[in-house]
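Colleague:
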Amino acid sequence: MDQHNALPERRINFTLHSEQGMQAAITEGMKETSLYIFNGIILSLVLLLCVLISFAVMFDRFTCSRITFLWFVALLVPVSSFLTSFAIYNSLGYSVNAITLLIPFLALAYAYDTIIVLTHTWLSDADLRRDSSSEHLLEVFATCMPSIVITATTSIGFFMAATFKIPNYAVMSVFIGFILITTVFFTMFLYAPCLMLLTPAPTFTSIPDTAPGLIREKSCNLSRTKRVYAYEISSSRLLKLFGILVLILGFIAPTYYGLNRVNYNLDYRQLLPSSSPRNIGVHYMSDLAWPQYFTILFFIESPPDFSDPTQYLEYKKMIADIEKMEHKLPNTTDMTWINDFCQFTGTSPHDSALNMTLFKKFINDDIYKAWRDGIKFSFNESGHATIHTMLHMVSFKDTKSLGDKAKLFSNARKVVSKYPQFNVHPFDTDVGIADVITQVSGALSWISMVSLIAMFLVSILIFGNLTVAVVNSIMSVLVFLATIAFISILGLNLNPFYGTYLLFVAALAPKYSTHFCYFYQQMKRINTKALRKDRLHETLRKSFMPVFSSLLCAAVIFIPVAFCPVAIFREIAYIHMIMTAIGFVVSSFLLQVFLVLLPEAFTGTHFLYSPIH
-2 MDQHNALPER
8 RINFTLHSEQ
18 GMQAAITEGM
28 KETSLYIFNG
38 IILSLVLLLC
48 VLISFAVMFD
58 RFTCSRITFL
68 WFVALLVPVS
78 SFLTSFAIYN
88 SLGYSVNAIT
98 LLIPFLALAY
108 AYDTIIVLTH
118 TWLSDADLRR
128 DSSSEHLLEV
138 FATCMPSIVI
148 TATTSIGFFM
158 AATFKIPNYA
168 VMSVFIGFIL
178 ITTVFFTMFL
188 YAPCLMLLTP
198 APTFTSIPDT
208 APGLIREKSC
218 NLSRTKRVYA
228 YEISSSRLLK
238 LFGILVLILG
248 FIAPTYYGLN
258 RVNYNLDYRQ
268 LLPSSSPRNI
278 GVHYMSDLAW
288 PQYFTILFFI
298 ESPPDFSDPT
308 QYLEYKKMIA
318 DIEKMEHKLP
328 NTTDMTWIND
338 FCQFTGTSPH
348 DSALNMTLFK
358 KFINDDIYKA
368 WRDGIKFSFN
378 ESGHATIHTM
388 LHMVSFKDTK
398 SLGDKAKLFS
408 NARKVVSKYP
418 QFNVHPFDTD
428 VGIADVITQV
438 SGALSWISMV
448 SLIAMFLVSI
458 LIFGNLTVAV
468 VNSIMSVLVF
478 LATIAFISIL
488 GLNLNPFYGT
498 YLLFVAALAP
508 KYSTHFCYFY
518 QQMKRINTKA
528 LRKDRLHETL
538 RKSFMPVFSS
548 LLCAAVIFIP
558 VAFCPVAIFR
568 EIAYIHMIMT
578 AIGFVVSSFL
588 LQVFLVLLPE
598 AFTGTHFLYS
608 PIH
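Sequential numbering of the sequence shown, starting at -2, is according to the working numbering.
1) Relative to the alpha-carbon of Y309, which residue among I335, D331 and R538 has its alpha-carbon at the smallest distance?
2) Considering only their Cβ atoms, is the gap separating K415 from D318 smaller than 8 Å?
3) Spatial neighbours of D284 within its chain, please: CB distance less than 8 Å, with the 5 preceding and 5 following residues excluded, ordered by chain position.
4) Ordered along the chain, which non-local residues of its own chain (more than five positions away) have a Cβ less than 6 Å from that of A440?
5) Below 6 Å CB to CB, which residues in the same chain sit around N260 once its five sequence neighbours on both sides are set aside?
6) Rounded to a whole number of angstroms, what is the C-alpha to C-alpha distance between L505 and V54?
7) Ordered along the chain, which non-local residues of its own chain (more than five positions away) have a Cβ less than 6 Å from that of H422?
8) State the DSSP-derived secondary structure class of P75, mapped to helix, strand or coil.
9) How should R275 be labelled, buried or exposed, when 16 other C-beta atoms within 10 angstroms of its C-beta is the threshold for buried?
10) Just how far apart, CA to CA, sit N618 and C514?
11) To the nearest angstrom, how far is the alpha carbon of I484 from that of I569?
12) Less than 6 Å between C-beta atoms, sequence neighbours within five positions excluded: which residues of the same chain meet that for M576?
13) Is it the case that the Cβ atoms of Y91 and V181 are separated by a distance below 8 Å?
14) Report the option in S304, L99 and T140 whose CA atom is closest to the CA atom of L500.
15) Could you spell out the range, first to last residue, of the alpha helix (DSSP H) harbouring S375?
16) Just how far apart, CA to CA, sit G37 and S547?
17) From H280 to S273, what distance separates their C-alpha atoms?
18) Using a Cβ-Cβ cut-off of 8 Å (strictly less than) and excluding sequence neighbours within five positions of V455, which residues of its own chain qualify?
19) Can at least three beta-carbon pairs, one atom from the stretch 327 to 345 and one from the stretch 424 to 441, be found at a separation below 8 Å?
20) Can you look up V412 in the DSSP assignment and give me helix, strand or coil?
21) For S82 versus F175, is the C-beta spacing smaller than 8 Å?
22) Report, in whole angstroms, the separation of the C-beta atoms of G380 and T354, which I expect to be a contact under 8 Å.
23) Since I believe S130 is in contact with M185 (beta carbons under 8 Å), could you give me their beta-carbon distance rounded to a whole number of angstroms?
24) Whose CA, out of F102, T60 and R58, lies closest to the CA of S31?
25) Mind reading off the beta-carbon distance from V582 to L533? Whole number of angstroms is fine, and I expect it under 8 Å.
26) Does DSSP classify S216 as helix, strand or coil?
27) With 16 other CB atoms within 10 Å as the buried threshold, where does M666 fall?
28) S626 and P288: beta carbons closer than 8 Å?
29) Helix, strand or coil, according to DSSP, for I609 in the structure here?
30) Among E229, A451, S231 and D337, which residue has its Cα nearest to the Cα of I364?
31) Looking at K508 and D110, is the spacing between their C-beta atoms short of 8 Å?
32) Using alpha carbons as the reference points, say which of V465, V563 and P557 lies closest to S271.
33) Would you list the one or two residues that DSSP bridges to M390?
34) Give the list of continuous alpha helix (DSSP H) stretches no shorter than 4 residues that lie fully inside the stretch 29 to 108.
35) Between the alpha carbons of S445 and L134, how many angstroms are there, rounded?
36) Hey, I293 and A409: beta-carbon distance below 8 Å or not?
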């Protein structure tokens, strides 16, 4: 075909469009994209090394060899997490599909958070009096591990989603759950011991002379900036008013607007490299053929006795309901043996019954014998035909996408479900992917809801304070919903790939607020007389650098991916950037504003209300 089209004297060009060719092109696109993904991972690992170096400079605790070795151990955490989770996943009998290719992104993004938070806490608290490095490690675990555990408790919801009725999303949820759990495990039992050995804490140092519970940071511009920022947020009414306006106008209103505009669709061209010649075939089918003529195959496993007026009447009612479906073309464009049979016998499909004794002559006619491939039948001794299974091809117009196909299949199933006696199954070669598209909404809603509720319940137990747990959960939900809404506003349609990545967003959303909320609430336990500005400053001291660093390390993975030739991965990169931007605004500004707006009695050491002395 290519040789034919290459000749200039040929006036007709042929385009071959097939499932096999599409699969080959998609595979080629994945190979091209893998280079961009690899470059992004390398870039993020280099940035992780830079983060460790910056901590070394800030706390003066590393040598070059120690930084390099610690960085290497840090790399082992996401790798070990992914390989262990994948092994468990495989041993449970789950299969690998295209969507599971996105899992390594989650392993890296979550590992960066746990590693950087643990490292920063270890180094920032190193000036406290300790009897040994092991005691210091226990204190570090007591300081930061509760918030890390809270971020991982969305895994409870993901494991619960294993019972979800849609297999693709159920097994994906199990995989995500294992990633979260194993990442925490390897951070605690692989990375933490190496951190203790490479950077042992100084022992028997003098007790700091600062106010109880507060550690004085080294004098630097960043420390002064955080202190001024904490003071301004806790005292400035203008900043608080601005924060409320940002929440309402910048988040709540766009989120409401965007969630009401969410569409579900997948264009095969999103899976192909932009230079692939297969795009032409998809263009012909999606933009030219389907909008004018698209056929759904109705496989009828238990046809009626067409010679029985009662049974045939029920069948005609079903066909009449199919005729009423939206975008249905005239029935003259449909293909069914009944129309040809009536034309052959000089009868009408609207007759009360069909004379099935004439069927043998019809099916053996040279013109109509092709129907032998679409009907299974038998004859009795008198020559009366009984139809055992049959095919009815129904035509539609204005089918412009897989999303439109999904709606058609959904409506077709609703129609035929009214007639269970005929056991009808609508079918098309794209029915599988079309069904998955319709499942995105339910899977995303149910799995994310269960996961975030599980996180909320565990955070209540760990925080020991209902108000802070509620604020933390609200901010996590806000990051998740706002990401979906802004995707919709930017014109991206949700598909199975985006749906899966949004499950990652649900898994990662708590990290943007949990560490801040936990340290803010715990400061009241350390120093019951701490003022809002002191609580906020200490929260920023412990949380801002690690959260911002992990956020940045995860984001740079997608910088090269945003320029890859396959649209689906470019747009996943955009989704991650959107989540990163939303998470940064929420964690660095909105959350701080609303923590200081809350009455201190409700964010203290008691579950609901802490008396102010």
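Positions of the beta carbon are idealized from the N, C-alpha and C atoms, including for glycine.
Modeller: Taking the geometry as given:
1) Out of I335, D331 and R538, I335 has the C-alpha closest to the C-alpha of Y309.
2) Cβ atoms of D318 and K415: closer than 8 Å.
3) Answer for D284: K397, listed in chain order.
4) Excluding sequence neighbours, A440 sits near I163 and Y166.
5) Cβ-Cβ distances below 6 Å link N260 to N490 in the same chain, with the five nearest sequence neighbours on each side left out; the list follows chain order.
6) Here the C-alpha atom of L505 lies approximately 29 Å from the C-alpha atom of V54.
7) The answer, listed in chain order, is F296.
8) Secondary structure at P75: helix, using DSSP grouped into helix, strand and coil.
9) Result: buried.
10) With the chain running from -2 to 610 in the structure shown, residue 618 is simply not present.
11) Those two C-alpha atoms are separated by around 10 Å.
12) Hits under 6 Å: T480 and V502.
13) Going by C-beta atoms, Y91 is not nearer than 8 Å to V181.
14) Measuring from the Cα of L500, the nearest candidate turns out to be L99.
15) Unbroken run through S375 is the beta strand (DSSP E), I372 to F376; no alpha helix (DSSP H).
16) Roughly 15 Å separates the two Cα atoms.
17) When rounded, the distance between both Cα atoms is 12 Å.
18) V146, I147, T150 and I153.
19) Counting Cβ pairs under 8 Å, fewer than three are found: no touch.
20) Here V412 sits in helix by DSSP.
21) Taking 8 Å as the Cβ cut-off, S82 and F175 qualify as a contacting pair.
22) Confirmed, Cβ separation roughly 5 Å.
23) Approximately 15 Å separates the beta-carbon atoms of M185 and S130; this is outside 8 Å, ruling out the contact.
24) The shortest Cα separation from S31 among F102, T60 and R58 belongs to F102.
25) With 8 Å as the limit, V582 and L533 do not qualify as a contact, their Cβ atoms being about 17 Å apart.
26) In this prediction, S216 scores a pLDDT of 45, lower than 50, which makes its location untrustworthy; no coordinate-derived value is stated.
27) Residue numbering for the chain in the displayed model covers -2 to 610; residue 666 lies beyond these limits and cannot be assessed.
28) Summary: the structure shown does not reach residue 626, with the chain confined to residues -2 through 610, and so no result is reported for it.
29) Looking at I609 - three-state DSSP - the assignment turns out to be coil, as it is neither helix nor strand.
30) Residue D337 is the option with its Cα nearest to I364.
31) In this structure, K508 lies closer than 8 Å to D110 by Cβ.
32) Minimum Cα distance to S271 is reached at V563.
33) Paired residues: L294 and M332.
34) The DSSP assignment places 61 to 88 as complete runs of the alpha helix (DSSP H) inside the stretch 29 to 108, in order along the chain (cut-off: 4 residues).
35) One C-alpha to the other measures close to 33 Å.
36) The answer is yes: Cβ separation under 8 Å.
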